[in-house]
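Take the sequence shown: its letter number 181 is residue 519 in this note's numbering, and every next letter is one higher. The beta-carbon is built from N, C-alpha and C at its ideal position, and this holds for glycine as well. Working notes, structure below.
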Amino acid sequence: VTCLGYQSCKICAAGSYSKVGSSTCTKCAAGTYSSTGSSGCTSCPVGCSGNCEKSTGLCTECKSGYGYNVENKTCSICEDGYYPYKSICLQCTDILDNCGECQTASLQNINQTYCSYCKTGYYPDTRCEECSNIPFCVNCQSKVDPGTISTRKCIQCQEGYKLENGNCVRLKNCIESENNICKKCENN
């Protein structure tokens, strides 16, 4: 702070400022910072979630879609092949088990990483779930439908069941089936 003439002035601590010739300190608003003796506050760097260290401007938390770089305490958009997860950039396989491909979608104005293509035997439901979680299902769709983040669809049912809208439904009055076609009905 520069003092003019005989005016009293105050050197303010980091995180606050004093205008030239002022004897009072004002705290920096949320999303800004200052060093000791500053005459104003500076906005936190792009990618910070709105808060940064009050004295250095180093990010303490990242905006959705940005990953935290531990070495230089900055937030940046994740490089190709990496996805934001809990404020750090990770490869898809480090985030979601049995996932072959990740994508990021904005859900309720928050970017979230989800699995768009699971390994065989799994279906995408934000993360990869086993086909056996769908009752009587042997094999399920492993890729999300366009415009969705979850696709819970069976594509092959156990013997004695048929597919109906991605679910397995018991063949009615059937006591013997082959390739999910009833060969012998009750009362025959």
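Asked: Assuming Ile433 is part of the alpha helix (DSSP H), what are its boundary residues?; Found: 430-433
Asked: Would you mind listing the beta strand (DSSP E) stretches within the stretch 444-476 that are 3+ residues and don't spill past its ends, in chain order?; Found: 448-456, 460-463, 465-468
Asked: Using only CA atoms, which one of Arg508, Asn477, Gly485 lies nearest to Gly493?; Found: According to the sequence provided, residue 493 is Ile. The question's Gly does not apply to it. Selected option, being the one with the closest Cα: Asn477.
Asked: What does Ser381 pair with, by DSSP beta-bridge criteria?; Found: Thr370
Asked: With Lys521 as the anchor, note down where its beta strand (DSSP E) starts and where it stops.; Found: 519-523
Asked: Would you kindly report the start and end of the unbroken beta strand (DSSP E) that includes Glu497?; Found: Note, Glu497: premise wrong, no beta strand (DSSP E); not H, not E.
Asked: Going by DSSP, name the residue or residues bridged to Asn407.; Found: Thr412
Asked: Nearest-angstrom Cα distance between Arg465 and Lys522?; Found: 40 Å
Asked: How would you call Ile301, buried or exposed, if buried means at least 16 neighbouring beta carbons within 10 angstroms?; Found: In the structure displayed, the chain extends from 339 to 526; residue 301 sits before or after that span and is not available.
Asked: According to DSSP, which residues form a beta bridge with Glu516?; Found: Ile519
Asked: Roughly how many angstroms lie between the CA atoms of Cys430 and Glu417, to the nearest whole one?; Found: 12 Å
Asked: Can you look up Asn436 in the DSSP assignment and give me helix, strand or coil?; Found: coil
Asked: Since Ala367 and Cys379 are thought to touch, with beta carbons under 8 Å apart, how far apart are those beta carbons, to the nearest angstrom?; Found: 7 Å
Asked: Which residues in the same chain as Ser387 place their Cβ atom closer than 7 Å to its Cβ, once the five residues preceding and following it in sequence are excluded?; Found: Glu399, Cys400, Lys401
Asked: Classify Pro484: buried if its beta carbon has 16 or more other beta carbons within 10 angstroms, exposed otherwise.; Found: exposed
Asked: Taking C-beta to C-beta, are Gly385 and Tyr404 nearer than 7 Å?; Found: yes
Asked: Looking at Glu518: is its Cβ nearer than 7 Å to the Cβ of Lys500?; Found: Residue identity differs from the one stated: residue 518 is Asn in this sequence, not Glu. Yes; because the gap between Cβ atoms is below 7 Å, this pair is in contact.
Asked: Skipping 5 residues on each side, what residues in its chain have a beta carbon closer than 8 Å to that of Gly527?; Found: Outside the shown range of the chain (339 to 526) lies residue 527, about which nothing can therefore be said.
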